[in-house]
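K.L.:
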Amino acid sequence: MEITTSSISELAWRCEEFLDERSEPLTVSYPGSLALCILDAIFATGSHPKAVDNVVDRYIARHGRDDGAKSLRYSIAAAGGADNWARTEIFNLKPASTHSGAVLKAEVVDRATRLMADHGIDTVDDLLTAVGDAPSIGRGASEVARTWRDLPSQKSGTSWRNLLMLAESTHFEIDSGVTNYLAEVALPVSEVDCEYVLETITAAADLLGIDDRVVKRVVWQVAHRRILTKRTRGDLMLHQYGADAGAAVGAR
1 MEITTSSISE
11 LAWRCEEFLD
21 ERSEPLTVSY
31 PGSLALCILD
41 AIFATGSHPK
51 AVDNVVDRYI
61 ARHGRDDGAK
71 SLRYSIAAAG
81 GADNWARTEI
91 FNLKPASTHS
101 GAVLKAEVVD
111 RATRLMADHG
121 IDTVDDLLTA
131 VGDAPSIGRG
141 ASEVARTWRD
151 LPSQKSGTSW
161 RNLLMLAEST
171 HFEIDSGVTN
181 YLAEVALPVS
191 EVDCEYVLET
201 ITAAADLLGI
211 DDRVVKRVVW
221 QVAHRRILTK
231 RTRGDLMLHQ
241 YGADAGAAVG
251 AR
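Going by the working numbering, 223 is the number at position 223 of the sequence shown; the sequence numbering is gapless.
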């Protein structure tokens, strides 16, 4: 479908909420800690952002902000295993899926740290080097990407793509969450394809005067509910249709 100036303006307006006064992103990332990237990536799927923040904050309170995958693995081992670590350190016993008998997300985290050790990865830089320019999923994906998706309940690849975003990788994979979000932005509303997504993101970044990687991270994390808008439906109507529409929504 054809990109419109309204769609570009709409996406830019939505992204502005997640930029500070210097146009720096207010998204979530941990370029200095693979431990925090792993924790956030796995706990974020199917969880409220506050619950994920709590897990990360509890880990930081005990271990700081600079741990690699190895230190995270040692933390779990020192607690006596994933189950006890979940109870005593991060206070989160959420299972990895809704299926009966699913392992805890803490267990998936433990296995992820072992996966990283198997590939000689400890830091974010190690991860980005191992991944290189290979696609994050699908044909041609790196060995570490393929083995990550073999972890319990991680087959969809969402947590892997979460991980890359948190590590500030240049990778940006377009899934149904992203296309659905851009479909909301599209004016008039319509189905969107990958070309539309990328062109709209590039145009919105140009309008905002920022790197398109910042917009991609905002889009990914909003689309997957890692960060939540504080704007109301009235704000949205006001932006799209002007003061009269905003007043009508407020009156209702």
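No residue lacks a Cβ here, since even glycine has one placed at the ideal position from N, Cα and C.
1) Are there 16 or more other CB atoms within 10 angstroms of the CB of Asn162, so buried, or fewer, so exposed?
2) Taking the alpha helix (DSSP H) that Ile201 belongs to, which residues open and close that run?
3) Starting from Pro25, follow its DSSP beta bridges and name the residues at the other end.
4) Between the C-alpha atoms of Asn180 and Ile42, what's the straight-line distance to the nearest angstrom?
5) Which of the three DSSP states is assigned to Pro31 in this structure?
6) Is the separation between the beta-carbon of Asn178 and that of Val219 shorter than 8 Å?
7) Do you know offhand how far Ala35's Cα is from Pro95's?
8) Go through its chain and collect everything with a Cβ distance to Leu93's Cβ below 8 Å, but skip five positions before and after it.
9) Please classify Leu26: is it buried, with 16 or more other beta-carbons within 10 angstroms of its beta-carbon, or exposed?
10) Is there a Cβ from chain D that is less than 8 Å from the Cβ of Leu166?
P.N.:
Quick answer:
1) In the sequence shown, counting from the first residue as 1, residue 162 sits at position 162. By the 10 Å Cβ count, Asn162 comes out buried.
2) The sequence position of residue 201 within the sequence shown is 201, counting from 1. That run of the alpha helix (DSSP H) goes Cys194 to Leu208.
3) Within the sequence shown, numbered from 1, the residue matching residue 25 stands at position 25. According to DSSP, Pro25 bridges with Leu19.
4) Counted from its first residue, the sequence shown places residue 180 at position 180. Counted from its first residue, the sequence shown places residue 42 at position 42. The straight-line gap from Cα to Cα measures roughly 22 Å.
5) Start at 1 with the first residue of the sequence shown, and residue 31 comes out as number 31. In the three-state scheme derived from DSSP, where H, G and I count as helix and E and B as strand, Pro31 is classed as coil.
6) Position 178 of the sequence shown holds residue 178. Position 219 of the sequence shown holds residue 219. The residue you asked about is not Asn; residue 178 is Val in the sequence shown. The Cβ atoms of Val178 and Val219 lie closer than 8 Å to each other.
7) Along the sequence shown, read from residue 1 onward, the residue named residue 35 stands at position 35. Along the sequence shown, read from residue 1 onward, the residue named residue 95 stands at position 95. Rounded to whole angstroms, Ala35 to Pro95 spans 19 Å at the Cα level.
8) In the sequence shown, the residue the question calls residue 93 occupies position 93. So the list reads Ala86, Arg87, Leu104 and Ala106, once near-sequence residues are dropped.
9) Start at 1 with the first residue of the sequence shown, and residue 26 comes out as number 26. By the 16-neighbour rule on beta-carbons within 10 angstroms, Leu26 is exposed.
10) Absent here is chain D; the protein component of the structure consists of one chain.
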